[in-house]
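Which chain is which? The protein sequence lines are A and B, in order.
The working numbering puts the first residue of the first sequence at 819, with every later residue one more than the last.
The working numbering puts the first residue of the second sequence at 49, with every later residue one more than the last.
By construction, the Cβ of each residue, glycine as well, lies at the ideal position given by its N, Cα and C atoms.
Bear in mind that the values here come from a model prediction, so they are computed numbers and not experimental data.
Below: one structure, written as C-alpha cells.
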Amino acid sequence: MTEHTKTTALEPLIFERSKPGRRGYQLPDLEVPEQDLDEILPAALRRSEIADEVEVSEVDVIRHFTRLSKLNVSIDAGLYPLGSCTMKHNPRINEEIARTPGFAQSHPLQAEHQVQGNLELLWTLEQTLKEIFGLPRVTLQPVAGAHGELTGILMVHKALSKSGNARKYILIPDSAHGTNPASAAFAGYEIKELKSNSRGTVDLSTLEAAVTEDVAALMITVPNTLGVFESEIKAMADILHAKGAYLYCDGANLNSFVGIARPGDMGIDVIHSNLHKTFSTPHGGGGPGAGPVGVSESLIPYLPTPTVERREDGTFYLDDSHPDSIGRMRAFNGNFNVLVRALTYMRSMGPTGLRRIAQLAVLNANYIRARLKKHYHLPYDAPSLHEVVFSDKLQTPHDVHTLDIAKRLMDFGFHPPTIYFPLIVSGALMIEPTESEPKEELDAFCDAMIAIAHESQERPELVRSAPHTTPVRRLDEARAARQPVLRWKP
Amino acid sequence: MTLPDPTSPASSHRYIPNAGEDIREMLDVIGVDSIDRLFETIPDAVKLRELLDIPGPWSEVESRRWFRGLAARNKTGADHVSFLGAGAYAHYQPACIDQLLLRSEFLTAYTPYQPEVSQGTLQSIFEYQTHQCLLTGLDVANASLYDGSTALCEAVLLAERLVKGKHKIVLAQSIHPHYRETVRTYLQNLGIEIVEVGWGEDGRIDQGALRAATDGAFGVAVQSPNFLGVVEDYEAIVQATEGITRIAVIAEATSLGILTPPGQHGFDICVGEGQAWGIPPQFGGPYVGFMVVREALKRHMPGRLVGETVDVDGKRAYVLTLATREQHIRRGKATSNICTNEALIALAANIYLSLMGKEGLRDVATQCLRKTAYLRGKLREIGGVELPLAGPVYNELLVRTPFPAGTILAALEEQKILGGIPLSMFFDGHPNDFLVAVTELHTKENLDQYAAVLSAAVSRS
Chain A
819 MTEHTKTTAL EPLIFERSKP GRRGYQLPDL EVPEQDLDEI LPAALRRSEI
869 ADEVEVSEVD VIRHFTRLSK LNVSIDAGLY PLGSCTMKHN PRINEEIART
919 PGFAQSHPLQ AEHQVQGNLE LLWTLEQTLK EIFGLPRVTL QPVAGAHGEL
969 TGILMVHKAL SKSGNARKYI LIPDSAHGTN PASAAFAGYE IKELKSNSRG
1019 TVDLSTLEAA VTEDVAALMI TVPNTLGVFE SEIKAMADIL HAKGAYLYCD
1069 GANLNSFVGI ARPGDMGIDV IHSNLHKTFS TPHGGGGPGA GPVGVSESLI
1119 PYLPTPTVER REDGTFYLDD SHPDSIGRMR AFNGNFNVLV RALTYMRSMG
1169 PTGLRRIAQL AVLNANYIRA RLKKHYHLPY DAPSLHEVVF SDKLQTPHDV
1219 HTLDIAKRLM DFGFHPPTIY FPLIVSGALM IEPTESEPKE ELDAFCDAMI
1269 AIAHESQERP ELVRSAPHTT PVRRLDEARA ARQPVLRWKP
Chain B
49 MTLPDPTSPA SSHRYIPNAG EDIREMLDVI GVDSIDRLFE TIPDAVKLRE
99 LLDIPGPWSE VESRRWFRGL AARNKTGADH VSFLGAGAYA HYQPACIDQL
149 LLRSEFLTAY TPYQPEVSQG TLQSIFEYQT HQCLLTGLDV ANASLYDGST
199 ALCEAVLLAE RLVKGKHKIV LAQSIHPHYR ETVRTYLQNL GIEIVEVGWG
249 EDGRIDQGAL RAATDGAFGV AVQSPNFLGV VEDYEAIVQA TEGITRIAVI
299 AEATSLGILT PPGQHGFDIC VGEGQAWGIP PQFGGPYVGF MVVREALKRH
349 MPGRLVGETV DVDGKRAYVL TLATREQHIR RGKATSNICT NEALIALAAN
399 IYLSLMGKEG LRDVATQCLR KTAYLRGKLR EIGGVELPLA GPVYNELLVR
449 TPFPAGTILA ALEEQKILGG IPLSMFFDGH PNDFLVAVTE LHTKENLDQY
499 AAVLSAAVSR S
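Structure below.
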C-alpha cells in the first residue's frame, strides 16, 4: 500500500491502529496453579505468538466500529428498495427476546428435558409455518434461502430415487435467482432453462414441452422476479404431477401473498421461505438468515433429521428415526436465534397483520409503478405485485445507464434498487419498497427518481459521475479483481 | 367470511405506517378502487376466504410474557454451571460486541452490493479476512460460511474440483459427528466416496490406517483439537498424506490462540466454526463458518470475498470482488450456491478478535489449557473415574466412569451442573463416556466442585 492511499483512508484499518502494549480486554484471575505449559502441551504443538495480530484498547475498538458503521446506509435510516431482498422494518422486540438468557445461553446438545422451552418454540414455529404454507410439514434446519433450496431438491432427488429413478433435469425459468441453478447442480442435477413469455411468466405450452420423463422438478419463483404472479400455477402443478415430477417454489417473494393465498393450495410440493425477508429478521449486512422448507405429504419421509415432535403428554423431543431422510443439513438445530425472532414477528403480526403485510407491500410497489411509469420504461407491463422492474431504455439515448441512475440515487439519500437483475431485462431496476414505507418516503423516492430522469436529459454528466456525496465515490472494481488485495499485510 | 377492510382504522398495525387516508390517496394515483384489485392475478380458486388460523396480533407485553415463559423452562448455562462443549463453547462475551451489533447501520443493512454506501460492512469483512489469515497461517479467507459443518462440505467440494479423476475423500472419524453427517448429506448425489479413519489409543488419528486410506483420494480432512478433545500431531498427519489436498477443521476457534496454525504445517485449507469467538451458544445458531486457503486456491473459493481498491479520487476503499466464482454470475457452474451467509456473526467475531488481540487470544487459550489441566489432575485422583485418552488436550476431556453417562450427568445436574455430553449420542460402544469442556469462565471453585460432585456420584452409584 502506498503512503498516499493510507493518508486518504476514510478510517484506518484496525491493524493500522495497533500499538504494542495496548489492551482491549481483561480476563478473570486464573486462580488455578500456573503449571508450566511444557508439562501440559508439548512446545512443538504451540505457536510462539500470533504474529501481526492487533493490540488496541476498548476505546479504540468502539470508536473504530462506530465510525465504520457510519459509512453504511440501513433500513433504519430510510427506504432500502432492493428488489427480491425485502428490506423491511426490523422490530426491536425480536432482538430483545432473542437475547433472553434462557435462549441465548442454551447449548445445542443439551438433554431434551433441559430444553423443553426451546423445543416447544421450534414446534410452535413449525405449526405456524404449516398454516402459512398450507403444507403438512416444515423443516427449520436450513439457515438461508439457498440452503433451503438445496434441502428441497435433495428431498426431491431422494423421493424419486426411492421410486426407482432420480431423473436428470431441473427446469428453471430464465428469470430465476442464481441460487436456483447452483443449488440444483449441487443436488446432482443438470439445468434446463425455460424461456419466459412476453408477460415475463412461463407459458403452459413451454412447460408441457419441457416436462419429459427425465425431469425431476420445476423450480419457480412465485411471484417471479418481475413481481408477476404465475396465474397458471395450479395447471403447472398438474402438468408436472402427471409426469411424476415435483413443483418447487422459491419463496423469496412470499411477502407479496402471505395471508392472501397458500403455496400448498396451489399444488406446490416444496417451498422455502427466507425468514430474513418475509418475517423480518435483520439482514445484518448479509446474514444470518433462515430458510425453512415446507413439503407436501409425499416428501415428508425425506425431511432432514432431526425433526421436532410432540408426545401425547405434551413434552417435546428431537426425532432422528427417519430411515429415508436425506440426513442432516447442518450441525445442531439450525439458526435457532433467527427462528426465535421470526416467531416473535409472526405473533406480533397475527393473522390480520400478516395479510396486511402483503396488501400494503403490493400497494406501495404499485404506487411507485404508477408514479414512475411515465419516466422509466416498463419492459413487462403485466400487473405486478410487491416489486416493479423498470429498465434504462429511456435514459440510454442520453448515455445514462442503470448503474448511473443507481449511483445518483445515493446523492438523494436512498439506497439503490437491485440492478441488472432479473437477467431477462436489459438494464433492470428492480424496486421493492415493502410494506414498511410511509407514503411520504415513497413520494420522496419517486421525486428523486423523476428528478434523475430529468437530469439524464438535461445534465447527463452529473448522473454519469454520481455519486457525489457518499463517503467514497465510484470504485475501481476492475483493479480489485485484477490485482486482488484480500487482506492487510504489515 | 371475516376479512378486515384495510382502510379501516382498526386494521392499522404498528409496523406498517400507511393507513386509511394514505391508502385511499395511493389507490387514486394507481387508478383502482381497492387493494383487492391489485391481487387479481392470483386466481380466486387459490385465494384464502378467511384469515390464517394462527395466534396474534400480540403486543410486546404479551410476546414478552409468552417467550420468557418458554425460556424459563430451559435449564441452561444462564442458571447452571455448564461444562458443555462438543462444538459449541461458552467463552467470555465482551459487552461491547452486542452493543455494536445493535447499531442500525450494521444490523439493518443488506449485503454490501453498493460499495459507496456500504464501506462499513466491507472494511469490517476485509479486517475479518485478515484475522483469519493471521490465525490459521493461510493466505486468503472469505467473508463467512454458514457454520463449521457446512464449511467442511464446501472445503471437500473445493478439494474435489482441484483434481480430475479422483473421487474419494478421507475424513477422520474424530471430526465432529454432525460435520461428518452434513458432509454425507451434501455429497449424496455427487459420486464422491467417503472413507473414515478411526483413532488410536491416545485419541489421535490412527496413522497406519490414514496412510492406507489416502490411496486414490483427492483429499483428507482432520480436526484438531478433535471431537474427543485431543490435539492432533499435524506434522505426522502431513507426512502420512503426501500429494493430496489437506483440510484442517477447527471446531474450537479459541484454540488457534495457542496451537500451531495449520498453514504452517502444509495444510491447504482450514475450515471451522467461529462460535467460540464471543458468540453465545444460542442452541446451535446462528454461528459463523470460516474458510481460509492457500493463495493458489483463491479463485476456487466459495462465498464472498472483499478486496481493496481505490475510488475515482484515489481514496482507499473496499469492494466485493472475484464475483465470477459466485452463483449470481455463474449460476449452475458456481463454486457454491451460498448467497446469504453469516455476516453479522462474522462482525461479532471480528470485534471479539480486535478486542482480545494478540495477547488476549493467547491468554484465553492459556487459561483454557491450564484450567483443563487442573481439572484433569483432580479427576485423575478420583477412584473409579478414568481418563481413557492419553493424548494432549486443549480444553475438553473424555471422561469414563463405571456407570452409564446419563446416571452420572443426572447427579451433576442435581447440583446445578451441566456436566458433559454423553459420547453415546454419537458413537456406539461408549455407554459410560462423556465429554467435559472447560473455558476461562470457570472458577477454581467450579472445577473443585465438579470434581467433588463427580466423586460423590461415582462412589454412590
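A buried status is given to residue 1109 of chain A, since no fewer than 16 other beta-carbon atoms sit within 10 Å of its beta-carbon. Burial is judged here by how many other beta carbons sit within 10 angstroms of a residue's own beta carbon; residue 1016 of chain A has fewer than 16 and is exposed. Of the candidates B:364, B:396, B:302 and B:323, the residue whose Cα lies closest to the Cα of residue 184 of chain B is B:302.
Pairing residue 214 of chain B with residue 411 of chain B, the inter-Cα distance amounts to about 43 Å. For residue 1290 of chain A against residue 363 of chain B, the beta-carbon gap comes to about 5 Å, under 8 Å, which counts as contact. The beta carbon of residue 449 of chain B does not come within 9 Å of any beta carbon belonging to chain A, so the residue lies off that interface. Contact between residue 921 of chain A and residue 1158 of chain A holds: CB atoms are separated by about 6 Å, below the 8 Å threshold.
Residue 343 of chain B and residue 996 of chain A have their C-alpha atoms some 27 Å from each other. Taking a Cβ-Cβ threshold of 9 Å, the residues of chain B close to residue 1164 of chain A are 102, 103 and 104, in chain order. With distances taken between CA atoms, residue 1307 of chain A lies nearest to B:355 out of B:464, B:437 and B:355. Any Cβ of chain A closer than 9 Å to the Cβ of residue 252 of chain B would place that residue at the interface, and such an atom is absent.
Under the DSSP assignment, residue 455 of chain B falls in the alpha helix (DSSP H) whose first and last residues are 453–462. In terms of Cα proximity to residue 1115 of chain A, the closest of A:1136, A:1095, A:1083 and A:1094 is A:1083. Apart from the 5 residues on each side of it in sequence, residue 375 of chain B sits with its Cβ closer than 6 Å to the Cβ of 382 and 385 in its chain, given in chain order.
As computed with DSSP, residue 247 of chain B is found in a beta bridge with B:253.
Interface residue (Cβ-Cβ distance to chain B less than 9 Å): residue 893 of chain A is classified as such. Around the C-beta of residue 962 of chain A, 16 or more other C-beta atoms lie within 10 Å, and the residue is accordingly described as buried. Close to residue 118 of chain B, with beta-carbon spacing below 7 Å, are these residues of chain A in chain order: 935, 938 and 939. Its Cα nearest to that of residue 228 of chain B, the residue A:1146 stands out among A:1195, A:1146 and A:829. Closest option to residue 317 of chain B, judged by alpha-carbon separation, among B:455, B:305, B:307 and B:297: B:297. By the neighbour-count definition (other C-beta atoms within 10 Å, threshold 16), residue 906 of chain A is a buried residue. Going by DSSP, residue 1008 of chain A is part of the beta strand (DSSP E) stretching over 1008–1012. When B:91, B:98 and B:65 are compared, the shortest CA-CA separation from residue 1077 of chain A is found for B:98. Between the alpha carbons of residue 262 of chain B and residue 287 of chain B lies a distance of about 12 Å.
The three-state reading of DSSP puts residue 936 of chain A in helix, counting H, G and I together.
According to the DSSP assignment, residue 482 of chain B belongs to the beta strand (DSSP E) that extends over 481–485. In the same chain as residue 479 of chain B, and ignoring 5 residues on each side of it, the C-beta atoms closer than 6 Å to its own belong to 452 and 472, in chain order.
Within the segment 1275–1290 of chain A, contact with chain B at the beta-carbon level (separation under 7 Å) is assigned to 1285, 1288, 1289 and 1290. For residue 1046 of chain A, at least one C-beta of chain B is nearer than 9 Å to its own C-beta. Using a CB distance below 8 Å, the part of the segment 223–252 of chain B facing chain A consists of 224, 226, 227, 229, 230, 232, 233, 234, 236, 237 and 238, ordered along the chain. Along the length of the segment 1110–1146 of chain A, whole beta strand (DSSP E) runs at least 3 residues long occupy 1111–1113, 1125–1128 and 1134–1137, reported in chain order. Beta-bridge partners assigned by DSSP to residue 470 of chain B: B:482. Counting only residues of its own chain and dropping the five nearest sequence neighbours on each side, residue 450 of chain B has a CB closer than 8 Å to the CB of 432, 480, 506 and 509. The beta-carbon distance between residue 1238 of chain A and residue 1220 of chain A, rounded to whole angstroms, is 6 Å. This is short enough to meet the 8 Å contact definition. Within chain A, 1167, 1170, 1171 and 1174 have C-beta atoms less than 8 Å from the C-beta of residue 61 of chain B, given in sequence order. Residue 190 of chain B and residue 337 of chain B have their alpha carbons spaced roughly 10 Å apart.
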